[in-house]
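Residues 0 to 157 (numbering that gives the first Met the number 0) are what the sequence shown spells out, left to right.
Report on the following structure.
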Amino acid sequence: MAENTGINDTQLVVFRLGQEEFGVDISQVREIIRVSEITSIPNAPSYIDGVINLRGQITTVVNLRKKMGLEDKPVDGNSRIIVVEIDKNIVGMMVDSVTEVKYIAGSQIEMLPGMISGSVSGEYIQGVCKLPNRLLILVDLKKVISEVGLGNLIPAEA
């Protein structure tokens, strides 16, 4: 029997990276924007695409494909930046596309098998949601962003 994650019923912003679908808790999402001009930062980690000016606020953009260990893909018309707020810090997450907002019952979410959760990208996964005809991978944004160095990000305005 699969182990439950303890996650309550929630709404998720669903997005794609390649052929896989992922979800993040909508309560952590501030907005979803089209990709605008990104200024690269010298000597930044490879998964940092750079920074954007989001209505006067400089915001770091993390390439979620690179962070999850997937092959990079050029930005296209479907690419989006999901702007999230974690522990009062704002960061943009580059994704291939955003597909929907979906209500998920906590009972639909299970933990990953041990050998997957210990892998490089597995550490960023909070669980897997069983939907009819597909699985949705839940991303743990706190873990993804913690390695970016939240102390170096721009704090959200009070």
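All C-beta atoms in this analysis are idealised placements derived from N, C-alpha and C, irrespective of residue type, glycine included.
Item to check | Rounded C-alpha distance that separates T9 from A104 | outcome: 7 Å
Next on the checklist: Within a Cβ cutoff of 7 Å, which residues of the same chain sit near S45, ignoring the five residues on either side of it in sequence?
Outcome noted: K65
Checklist entry - So does the segment 26-41 actually touch the segment 79-88, counting three or more Cβ pairs closer than 8 Å? => result yes
Checklist entry - So does the segment 43-62 actually touch the segment 11-24, counting three or more Cβ pairs closer than 8 Å? => result No: the two stretches stay apart, fewer than three of their Cβ pairs being nearer than 8 Å.
Item to check | Residues bridged to G105 [DSSP beta-bridge criterion] | outcome: BP columns for G105 are empty, so no partner.
Checklist entry - Ends of the alpha helix (DSSP H) at V143? => result L140 to S145
Next on the checklist: Could you tell me the alpha carbon to alpha carbon distance between L63 and L137, rounded to whole angstroms?
Outcome noted: 13 Å
Item to check | Nearest-angstrom beta carbon gap, I80 and G91 [assumed within contact, 8 Å] | outcome: The C-beta separation of G91 from I80 comes to about 4 Å, placing the pair in contact by the 8 Å criterion.
Checklist entry - Does the beta-carbon of M93 have 16 or more other beta-carbons within 10 angstroms, so that it is buried, or is it exposed? => result buried
Checklist entry - When the distance is taken between beta carbons, is T58 closer than 7 Å to I89? => result Yes.
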